[in-house]
Amino acid sequence: MPAAPTFRTIAFTLTGLLCLIPLSPHSHAGGLGVTPPDQIRVTDGFAVDLVYEVPGKGGSEADGQGSWVSLTVDPQGRLIACDQYGALYRIDVSGDAADVEKLDIEFAGAQGLLCAFGSLYANVNSRDFPSGVWRLTDTDGDDQYDKKQHILPMNGGSEHGPHAMVLTPDGKRIVTCAGNNTNLPDDLAISRVPKVWDEDHLLGRMPDARGHNANRMAPGGFVVAFDPDGGNRELIATGFRNHYDIAFNTDGELFTYDADMEWDVGTPWYRPTRVNHVISGAEFGWRNGTGKWPAYYPDSFGAAVDIGPGSPTGIAFGYDSGFPQQYRNALYISDWSYGNIHAVFLRPDGATYSGEFVTFATGAPLPVTDIAFHPGDGAMYFTIGGRRAQSGLYRIRYVGDEDDSAAPKSDDTAKDLRRLRHRIEKLHTGQPTDVALNLAVRNLGHDDRAIRFASRIALEHHDVAQWINAALKSENDRAVIQAAVAIARVGTPDHRGQVLAALGDIDVDALDDQSVIDLTRAYALTFLRLHAGDQVATPSDAQRQQIVAQLNDRFPSGKDNLDRELARLLVFVNADGIVPRVIAQLNDAPSQESQIHYAMILRHRIGDAPAEVQRDYFAWFNRMRDARGGMSFGGFVKNIQDAAAEGLTDDARETLASVLNPPVKSDAVAEEARPLVKQWSVDDLAQHVASPGRAFDFQRGKEMFVAAQCYKCHRMGLEGGILGPDLTGAGGRFSVTDLLSSIIEPGKVISDQYGATQFLTDDGRVVVGRVINLSGNKLSVMTNMLDPSSLTSINRDTIEETAPARNSMMPSGLVDTLNEDEIADLVAYLRAGGRSDHSLYANSTSDDASAD
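Per mature numbering (1 follows the signal peptide of the UniProt record, and there is no 0): the sequence shown = residues -29 to -1, 1 to 823.
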């Protein structure tokens, strides 16, 4: 998975970030071996030690002790680790050197460990050993586990299988997670998630262009709780891709770090890796191929913090650490592919959480697999390894002198909202009283999204007849929309007329943007679900006119998420003139993600359009030939084009032949989109760009953000890429000179989150890029952020030297085809945060106006 350079946006936003002091290169006689501590950069005030280099090359026990992927601490303060393909190991870290022993029990393939209830629980994910949760006990007191019980069988063998386990806050039960190739456990006693999951795509979906997981359908990955003996199994949440670990905070709330699909980078259905707050009954919207639900859907709970490209592995809160308070309260998440440990600073946000993150430790390669905090010495221990890669055990200690006396402030409002959510969540199990159901109905339209979500799930668990009339007669339009979503999911076709009538009475002018999005989803689910037979319900003329009257004039709104959903619904009901309007958006949208979305939703409608409209549509695919994304990107675009072409008549194909099969220009004769103006320097531009008397052209600045290829990696508002940092807030923090310097001299300051590594091999080859995958001795390195699917392979044994790269992966010269007025407008656009209302910038154009 590719990563992009940074504009200092993240590097200076929070205290305690990684030291940016250049490190000396490290020589490797006979290959790279385990990553040395001096090649791991950690936050200022912390130190990292190599505790143990695992013998062998991580292949199997014949080679040594395997490749360690999970950690836990036993009651005696010893660490226990598991080899991804082999045995269990116990590590005593109390002395000067680690004392490691293989546990004397036949066991293999665990990817989750937990010491609890006088036992060692191990969650196996293997093709060679029965998968699922095992309970290992010492029955004769010899400090060895001699009895094993398979208490929760699950299918395994895929890396998206059974994973980590944690104790519930009351210490009475165990919670585990599993990826999207794992079937739900048998004999679920309770399901907090209503068992009505489906794909729910109004205009259909496409499987992955390379065939990955094409046959895996909802509910996807899940979280389940169970008793110490494996019984009383309770489904808590679904809709994950491949979350490897879970952790409770001190409020008793559960969190996980879920994966993306890196092959989807550059498409509208790509979702960055993200920290999720796992509330009762939650659905997080994973579906295969193009079908992943947007985080803004009302029936998908979304993310607490978006992280970006990566490969999630172990997570843990730092409560047992000896770190300063800010870091002791952080959630630490591991990114296996890019070699990062991030510290996530969560804060209450109503009845849920939001927050920020910083990179706490990083190295190349540093395939972090798991994290454990030792309550005895207060240190963080982490393992690297996985996929037979070289494994090691490390420790991070706090060595600074930060004053740790200030207690965190309590948020009483957030506590009250969480209590309300918990009261409503009791309805997710057991039989309700009328009073309790009324509580859920009353809160369907609550201002807090988590409470709305919990209320809707509560109603879905109970007979529609008990609450439908009260919910649809609410005076709160937002409540009516949520009720419609609930009825669509658990009702019958007989309810469709009642639901559509209630939605038709909504005053759309009084809704905020998110509520309009929710309304489009409510309509979609009504036609998707409330119908007889296997086909999506076809709206009647009256129903079509109702939707057109409410929503047609609102498209386009100029707001990306809203326009995507308006277009989807209006295409479904075939609103008058909708196809040409969507094609106009396809041509005008600045990000390729939005353009692909519009192409996708038109693929089955374009066959009925006039010839000139068809030509305009198919011409777009030719312009997309230079676009880049993940491994499946090109295949997805081709599949959309092929599906659209299938709807053409033979005459239309003949008419459009020059567009459907255009001549391919060779690279030698391809024309530059824009000619070179000048190789700009900061000094050339600073005074002109910062001129307080200049009238700036905001729209042209937005166009230059596209022309300079910024949208390929960076997001502005709701549009753009996710490979680099979000630039929406950059203008409020940095001066004109800072922004110009980051654009023109991208290598001057490089955030460790986006830094590259230089590898020198024994045949004299120099490779500069980011390690994004490992398998045994093979490193896969992304060297060109504008072509993230093109990777360079390096054998670890051939590496002679590694060092942090001096140059940024962000190309230089991106604005050399722009003139000075265009660059000034680009900077104005950045400083305005992408908003058309840029009065803040207009009043603070001088170089002294930057905010801290």
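Glycine included, C-beta positions come from ideal geometry on N, C-alpha and C.
DSSP beta-bridge partners for Phe193?
Stepping through the sequence shown from its first residue, residue 193 is reached at position 222. Bridge partners of Phe193: Ala149 and Thr209.
Below 8 Å on the Cβ atoms is my contact criterion, and I expect Met351 with Ser292 to pass it. Report the Cβ-Cβ distance as a whole number of Å.
One-based indexing of the sequence shown puts residue 351 at position 380. One-based indexing of the sequence shown puts residue 292 at position 321. Rounded, the Cβ-Cβ distance is 6 Å, consistent with contact.
Are the Cβ atoms of Val550 and Ile572 separated by less than 7 Å?
Here the question's residue 550 lines up with position 579 in the sequence shown. Here the question's residue 572 lines up with position 601 in the sequence shown. Taking 7 Å as the Cβ cut-off, Val550 and Ile572 do not qualify as a contacting pair.
Using beta-carbon positions only, say whether Val435 and Gly462 come within less than 7 Å of one another.
Here the question's residue 435 lines up with position 464 in the sequence shown. Here the question's residue 462 lines up with position 491 in the sequence shown. Taking 7 Å as the Cβ cut-off, Val435 and Gly462 qualify as a contacting pair.
Same chain, Cβ closer than 6 Å to Asp117, neighbours up to 5 away in sequence not counted:
Here residue 117 corresponds to residue number 146 of the sequence shown, with the count starting at 1. Result list for Asp117: Thr110, in chain order.
Hey, could you find the ends of the beta strand (DSSP E) Asn748 is sitting in?
Walking along the sequence shown from the start, residue 748 turns up at place 777. Taken as a continuous stretch (DSSP letters only), Asn748 belongs to no beta strand (DSSP E), as it is neither H nor E.
How do the region 587 to 601 and the region 171 to 184 stand: do at least 3 beta-carbon pairs fall below 8 Å, yes or no?
no
Quick one: Cα of Ala68 to Cα of Glu771, how far?
Here residue 68 refers to the residue found at position 97 of the sequence shown. Here residue 771 refers to the residue found at position 800 of the sequence shown. If you take the alpha carbons of Ala68 and Glu771, they lie about 28 Å apart.
Using a 10 Å radius around the Cβ and a threshold of 16 neighbouring Cβ atoms, would you call Lys649 buried or exposed?
Within the sequence shown, residue 649 is the residue found at index 678, counting from 1. Exposed is the call here.
Can you tell me where the beta strand (DSSP E) with Phe353 in it begins and where it stops?
The residue given as residue 353 occupies position 382 in the sequence shown. Where Phe353 is concerned, the enclosing beta strand (DSSP E) stretches over Met351 to Ile355.
Given that a residue counts as buried once 16 or more other Cβ atoms are within 10 Å of its Cβ, and exposed if not, what is Val406?
Counting from one through the sequence shown, the residue named residue 406 turns up at place 435. When all chains shown are included, Val406 counts as exposed.
Straight-line CA distance for Val236 to Phe604?
Here residue 236 refers to the residue found at position 265 of the sequence shown. Here residue 604 refers to the residue found at position 633 of the sequence shown. Computed Cα separation, rounded: 7 Å.
Range of the contiguous alpha helix (DSSP H) that encloses Asp654:
Your numbering for residue 654 matches position 683 in the sequence shown. Segment Val653 to Val660, the alpha helix (DSSP H) holding Asp654.
Run through DSSP, which three-state label would Trp39 get?
Counting from 1 along the sequence shown, the entry for residue 39 is found at position 68. Assignment of Trp39 by DSSP, reduced to helix, strand and coil, places it in the strand class.
Based on DSSP bridge pairs, tell me the residues matched to Ser305.
Numbered from its first residue, the sequence shown carries residue 305 at position 334. Note: Ser305 sits in a beta bridge opposite Ile312.
What whole-angstrom Cβ distance do Ile250 and Leu206 have, given they're in contact under 8 Å?
For the purposes of this step, residue 250 is taken as residue 279 along the sequence shown, with counting starting at 1. For the purposes of this step, residue 206 is taken as residue 235 along the sequence shown, with counting starting at 1. 13 Å between Cβ atoms; not a contact.
Assign Leu59 to buried or exposed, taking buried as 16 or more other Cβ atoms, counted over all protein chains shown, within 10 Å of its Cβ.
To locate residue 59, count along the sequence shown from 1; it is residue 88. That one is buried.
Taking just the CA atoms, how far does Leu698 sit from Ala803?
Your numbering for residue 803 matches position 832 in the sequence shown. Your numbering for residue 698 matches position 727 in the sequence shown. In a straight line, the C-alpha of Ala803 is about 10 Å away from that of Leu698.
Give the secondary structure of Val104 by DSSP, where H, G and I count as helix, E and B as strand, and everything else as coil.
In the sequence shown, residue 104 corresponds to position 133, counting from 1. Residue state for Val104 is assigned as strand, using DSSP reduced to three classes.
Could you tell me which residues DSSP puts in a beta bridge with Gly54?
To locate residue 54, count along the sequence shown from 1; it is residue 83. Reading off the sequence shown, one finds Asp at residue 54, where the question assumed Gly. Answer is Trp39, bridged to Asp54.
Taking Cβ to Cβ, would you say Arg106 is nearer than 7 Å to Leu159?
Taking the first residue of the sequence shown as position 1, residue 106 is located at position 135. Taking the first residue of the sequence shown as position 1, residue 159 is located at position 188. Contact: no.
Can you tell me which residues form a DSSP beta bridge with Tyr268?
Walking along the sequence shown from the start, residue 268 turns up at place 297. According to DSSP, Tyr268 bridges with nothing at all.
Given a threshold of 16 other Cβ atoms within 10 Å of its Cβ, counted over all protein chains shown, does Asn414 qualify as buried or as exposed?
The sequence position of residue 414 within the sequence shown is 443, counting from 1. The residue in question, Asn414, is buried, as its Cβ has 16 or more Cβ neighbours within 10 Å.
Can you determine whether any heavy atom of the ligand NAP sits closer than 6 Å to the C-beta of Ala661, and answer yes or no?
With respect to the ligand NAP, the structure offers nothing, as it holds no ligand at all.
Grab me the residues of Arg576's own chain with a C-beta within less than 7 Å of its C-beta, minus the 5 sequence neighbours each way, in chain order.
Position 605 of the sequence shown holds residue 576. Hits under 7 Å: Val542 and Val550.
Counted within 10 angstroms of its Cβ, other Cβ atoms place Ser381 as buried (16 or more) or exposed:
Translated into positions along the sequence shown, residue 381 becomes position 410. Exposed, because fewer than 16 other Cβ atoms sit within 10 Å of the Cβ of Ser381.
Helix or strand or just coil, what does DSSP make of Lys263?
For the purposes of this step, residue 263 is taken as residue 292 along the sequence shown, with counting starting at 1. Note: Lys263 maps to coil in three-state DSSP.
Mind checking which residues open and close the beta strand (DSSP E) that includes Tyr92?
Translated into positions along the sequence shown, residue 92 becomes position 121. Tyr92 -> beta strand (DSSP E) spans Ser90 to Val95.
Leaving out five residues on either side along the sequence, give the residues of the same chain with a beta carbon under 6 Å from the beta carbon of Glu564.
Position 593 of the sequence shown, counted from the first residue, corresponds to residue 564. Pro239.
Whose CA, out of Thr147, Arg242, Phe219 and Gln469, lies closest to the CA of Phe197?
Here residue 197 is taken as the residue at index 226 of the sequence shown, counted from 1. The candidate whose alpha carbon is nearest that of Phe197 is Thr147.
For the alpha helix (DSSP H) holding Glu224, just list the boundary residues, first then last.
Translated into the one-based positions of the sequence shown, residue 224 becomes position 253. Neither: Glu224 is in no alpha helix (DSSP H) and is coded neither H nor E.
Could you give the C-beta distance for Gly150 and Arg212, rounded to a whole number, given that I count them as a contact under 8 Å?
Within the sequence shown, numbered from 1, the residue matching residue 150 stands at position 179. Within the sequence shown, numbered from 1, the residue matching residue 212 stands at position 241. Confirmed, about 7 Å.
Assign Gly1 to buried or exposed, taking buried as 16 or more other Cβ atoms, counted over all protein chains shown, within 10 Å of its Cβ.
Counting from one through the sequence shown, the residue named residue 1 turns up at place 30. Only weak support is given to the placement of Gly1: the predicted model assigns it a pLDDT of 41, under 50, and the value that follows is read from those uncertain coordinates. Gly1 is exposed by the Cβ-count criterion.
DSSP state of Cys681 mapped onto helix, strand, coil:
Locating residue 681 in the sequence shown gives position 710, where the first residue counts as 1. Helix, per DSSP.
DSSP state of Ala590 mapped onto helix, strand, coil:
Reading the sequence shown from its first residue, position 619 is the one you call residue 590. In the structure shown, Ala590 adopts helical secondary structure according to DSSP, grouped into three states.
If I measure Cβ to Cβ from Gly83 and keep anything under 6 Å in the same chain, skipping five residues before and after, which residues do I get?
On the sequence shown, residue 83 is found 112 positions in, with the first residue counted as 1. Cβ neighbours of Gly83 beyond the five flanking positions: Ser41, Asn94, His134, Ala135 and Met136.
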